[in-house]
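Report on the following structure.
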Amino acid sequence: MSRLCPSMSPVCVPRTLRLLRQLFPGLPAAMQRLYSLDVSAPLLRTQGYVDGRWVSAASVFPVLDPATGQEIARVSDCGPAEAKQAVDAAFKAFQSWKQRSAKERSVLLRRWFDLMTNHKEELARLITFECGKPLQESLSEVAYSASFLEWFSEEARRVYGDIVPSPNKDRKILLLKQPVGVSSIITPWNFPSAMITRKVGAALAAGCTVVVKPAEDTPLSALALAELAEQAGIPAGVFNVVPCSREKTPSVGEVLCTDPLVAIVSFTGSTATGKVLLRMAADTVKKASMELGGHAPFIVFDSADIDVAVRGAMASKFRNSGQTCVCSNRFLVQSGIHDRFVEQLGRAMDAELRLGHGSEPGTTQGPLINSRAAEKVVQQVSDAVSRGAKVLKGGKRLDGSFMEPTLLADVTTDMLCTKEETFGPLLPVIRFNTEEEALAIANASNVGLAGYCYSQDVSQIWRVMEALETGIVGINEGLLSTPEASFGGVKESGLGREGSKYGIDDYLDVKYVCFGGLKP
Ligand code: NAP
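Numbered per my numbering, the sequence shown spans residues 942 to 1461.
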């Protein structure tokens, strides 16, 4: 087992610790020590992975532990040249990968799944150290991430076409499904592993090959996946990873979105970036799969079971410190249950939430990914307070990018936090009186990813479920993601669906074959 920063000798540890204390003077006591990753060397990869080879770039960029600011690795900073090599390699590999039988592809994906499962602890530590989430959540992410390789290893063998009744006796109509080709996969930092496998599992199962560009903050999980792909026997060029710094991202993104050899751009991230990538992909009329931002409403009606609603609110708001696209962003609570709900929620926050380094046992709230993210939450809190909201819990930014879990009451729809995605541990509560009012507020958004409804009135549940303008709805349930179900949004939350039997569709073309001249 090696310490994460290979260049850090035992002698420089005290110096690093001193530096850490200088950088973060008010760091909670638990943070004022070095945290070491302890991941075995083969899984701690720091070079790009192109055409089955580990490649160095001309320069490197640092990966930081967001909880301490400590550098945990230096990773090759790939540029457009490496991105182009990866696209070419993927195109070459596509010619043979698509010829493999579905069963062969299925077996390799299953082997990759098994390896992820065998290495789950190390993979989880990588996630915790590069993205900050508590170890327990990282372990859940690894299981969730691996489950897409398992699911799509099974779906690979079920890519059926159709034989359609023909209007002419001398013809047969066949609809064949074929892989689209090279897939550019661009992913965010908040699920550094699962957002890759949810796409790559589907792409490889269909017979496509991929080039992955992970987020600057979290390249290590992507590179560990490449190591395991190689161990699983995925052929060279089928799975490529080009990590890069934020400076290089636009030029790498340009190659991945404009190269004529690329057939589809599959992106998960913010709506703003999604629009940039869509514009670039339009010139060569590529397919696009877009999993973009959300602004989930969480509606609690008077008839709700309050214990269930509070449990759901805690789970859907504070997972990954509020940094998931399906995190509830606006809590709409009916007048009759409002005060009891808010009081019970406050008690649950006191009892259940504990800030700290993600690797510390008992931590439930890690840091936000960086200080910009923390600043955004602070700005939303002060805007809300200036417009009349009451801070019932938290409200303050702590050292580094830690943010107190925050509960706001008397929130109104003119406040920033009800208009834009927060991506942090801020829980704003809006009081409403009627179902119509709640639905009008919930649907007054340009995005529509997830929505939640708590009620015990079956007729109301059906009305609300159908009326919510979102791609995902949780009824009396706050945690919804699973590979069996479709994931994706409406409006500006994106295009296409991931997971489920539909998740493979974006990576397939349907070819109509007219088989004519048949004699009766
Ligand atoms: P982001 O800023 O849009 O970044 C996402 C990815 O896009 C990163 O890899 C980023 O690279 C890259 N990128 C940015 N500009 C690019 C360009 N010009 N060309 C190519 N790549 C480019 O989003 P984020 O802040 O990381 O993630 C948070 C957002 O993702 C939230 O809005 C959240 O709701 C959304 N999200 C959606 C889903 C979903 O399934 N719908 C899931 C998770 C997250 P750098 O890291 O180098 O900037």
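Yeah, the Cβ is synthetic: ideal placement off N, Cα and C, and Gly gets one too. This structure is a prediction, so every number in the text was calculated from the model and none was measured.
Around residue 1458, the same chain offers 1111 as residues with beta carbons nearer than 7 Å, after the five sequence neighbours per side are excluded. Considered as a whole, the region 1182-1242 harbours 1190-1199, 1212-1223 as its complete alpha helix (DSSP H) runs of no fewer than 4 residues, in chain order. Annotated as proximal: residue 1169 and residue 1056, with beta-carbon spacing under 9 Å. The beta carbon of residue 1431 sits no closer than 8 Å to any heavy atom of the ligand NAP. For residue 1356, the secondary structure class from DSSP, reduced to helix, strand or coil, is coil. As the crow flies, the alpha-carbon of residue 987 is around 6 Å from that of residue 1017.
Residues of the same chain with a CB within less than 7 Å of the CB of residue 1121, apart from the 5 flanking positions on each side, are 1149, 1204, 1205, 1228, 1448, 1449, 1450 in chain order. In this structure, residue 1166 has its CB at a distance of at least 8 Å from all heavy atoms of the ligand NAP. Fully contained in the region 1279-1314 is no beta strand (DSSP E) run of length 3 or more. Annotated three-state conformation of residue 1339 is coil, per DSSP. Here residue 1072 carries a helix assignment [DSSP, helix/strand/coil]. Secondary structure within the region 1059-1122: the beta strand (DSSP E) runs of 3 or more consecutive residues, fully enclosed, are 1103-1105, 1113-1120 (chain order). According to DSSP, residue 1003 shares a beta bridge with 1015. The Cβ atoms of residue 1132 and residue 1101 lie no closer than 9 Å to each other.
The region 1056-1073 makes contact with the region 1131-1147; the number of CB pairs closer than 8 Å reaches 3 or more. Pairing residue 1178 with residue 1031 gives a Cβ-Cβ distance under 9 Å. Across the set 1401, 1099, 1183, the C-alpha of 1401 shows the shortest separation from the C-alpha of residue 1245.
Here the alpha carbon of residue 1293 sits roughly 30 Å from the alpha carbon of residue 1380.
Within the chosen limit of 8 Å, the ligand NAP reaches the beta carbon of residue 1194 through at least one heavy atom.
Cα atoms of residue 1006 and residue 1455: separation of roughly 57 Å, rounded to the nearest angstrom. If you check the CB distance, residue 1002 and residue 1157 come in under 9 Å. Pairwise C-beta distances place the region 1419-1438 out of contact with the region 1275-1282, as fewer than three of them are shorter than 8 Å. For the beta strand (DSSP E) assignment, the uninterrupted runs of no fewer than 3 residues enclosed by the region 1398-1444 are, from N- to C-terminal side, 1413-1416. Spanning the alpha carbons of residue 1173 and residue 1274 requires a straight line of approximately 49 Å.
Per the coordinates, the alpha-carbon of residue 1049 lies some 16 Å from the alpha-carbon of residue 1181.
In this structure, residue 1266 has its beta carbon less than 8 Å from a heavy atom of the ligand NAP. For residue 1139, the enclosing alpha helix (DSSP H) stretches over residues 1135-1147. The region 1352-1369 makes contact with the region 1329-1336, as at least three CB pairs between them are under 8 Å. Here the distance from the Cβ of residue 1136 to the nearest heavy atom of the ligand NAP is below 8 Å. Contact annotation: residue 1140 and residue 1452 have beta-carbon atoms that are not nearer than 9 Å.
Residue burial annotation: residue 1388 is buried, with at least 16 other C-beta atoms found within 10 angstroms of its C-beta. Placement of the Cβ of residue 1145 at a distance of 8 Å or more from every heavy atom of the ligand NAP is found.
When only Cα atoms are considered, residue 1224 and residue 1144 end up about 22 Å apart. Residue 1075 sits buried, since 16 or more C-beta atoms from the chains shown fall within 10 Å of its C-beta.
Per DSSP, residue 1384 lies in no beta strand (DSSP E) segment; the continuous alpha helix (DSSP H) that holds it begins and ends at 1376-1384. Take the alpha-carbon of residue 1044 and the one of residue 1146: they are about 9 Å apart.
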